[in-house]
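Residue -5 in my numbering is what sits at position 7 of the sequence shown, and the numbering runs on without skipping anything.
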Amino acid sequence: MVERLWRPNLTVGQSGGGQETSGAIETVDSMMLQTYRGVTRVFPAWPEDRDAKFVRLRAKSAFTLSAERKDGSVRSLDVTSEKGNRFALASPWGGDRVTVVDDRGRRVATTTRDGVVSFRTAPGRTYHLTGHAR
């Protein structure tokens, strides 16, 4: 329904309001990406049966993420670090093993605890994450 109401400035056309309607953008962004207590989640509130993709959404602690979900599973996930902070992700692959490779093709050491995968990053580097069945 909202898709028919979008204006060129990415607000929603409705009777009254202006800037207040930009909350629709935040709603969709939060369905695709959230960071809470230092842990980032991709597609945390997106319907399981709907495909989705986002490019360069900003996460807390100076990260941008791009991800695609198709046929109910995350197919690609890239994390770019601006400051070199440690990154923590609630694994979208459940108990599957997660591999992290940097943009130079080097495998990155990870720590996994309670379904959260974390690893150190370097400023300006991009990391590709994939899930693998054990």
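All C-beta atoms in this analysis are idealised placements derived from N, C-alpha and C, irrespective of residue type, glycine included. As the structure is a computational prediction, the values presented were derived from the model and not from experiment.
Figure out for me which residue from the options has the closest Cα to the Cα of residue i.
| i | options | result |
| --- | --- | --- |
| Trp81 | Gly26, Tyr24, Arg63 | Arg63 |
| Glu70 | Val86, Leu53, Asp59 | Leu53 |
| Thr23 | Thr87, Lys41, Val104 | Val104 |
| Lys58 | Val96, Phe51, Gly72, Pro35 | Pro35 |
| Thr114 | Thr98, Thr99, Val89, Gly83 | Val89 |
| Glu14 | Ser61, Lys41, Leu45 | Leu45 |
State the Cα-Cα distance for the pair residue i and residue j, rounded to the nearest angstrom.
| i | j | result |
| --- | --- | --- |
| Ser18 | Pro32 | 8 Å |
| Pro111 | Glu56 | 24 Å |
| Asp84 | Ser106 | 14 Å |
| Arg92 | Val16 | 32 Å |
| Asn39 | Gly72 | According to the sequence displayed, residue 39 carries Asp and not Asn. Answer to the nearest angstrom: the Cα atoms are 31 Å apart. |
| Leu124 | Val96 | As displayed, the chain neither begins before -11 nor continues past 122, which places residue 124 out of reach and without an answer. |
| Phe51 | Thr98 | 17 Å |
| Lys41 | Thr100 | 25 Å |
| Val43 | Leu65 | 10 Å |
Does the Cβ-Cβ distance between residue i and residue j come in under 9 Å?
| i | j | result |
| --- | --- | --- |
| Ala76 | Gly119 | no |
| Ala78 | Thr109 | no |
If you count every other CB in all the chains shown that lies within 10 Å of the CB of residue i, and 16 or more means buried, which is it?
| i | result |
| --- | --- |
| Val67 | buried |
Hey, quick one: how far does the beta strand (DSSP E) through residue i stretch, first residue to last?
| i | result |
| --- | --- |
| Glu70 | No beta strand (DSSP E) holds Glu70; DSSP gives it neither H nor E. |
| Asp37 | No beta strand (DSSP E) contains Asp37, which DSSP labels as neither H nor E. |
| Asp90 | 85 to 90 |
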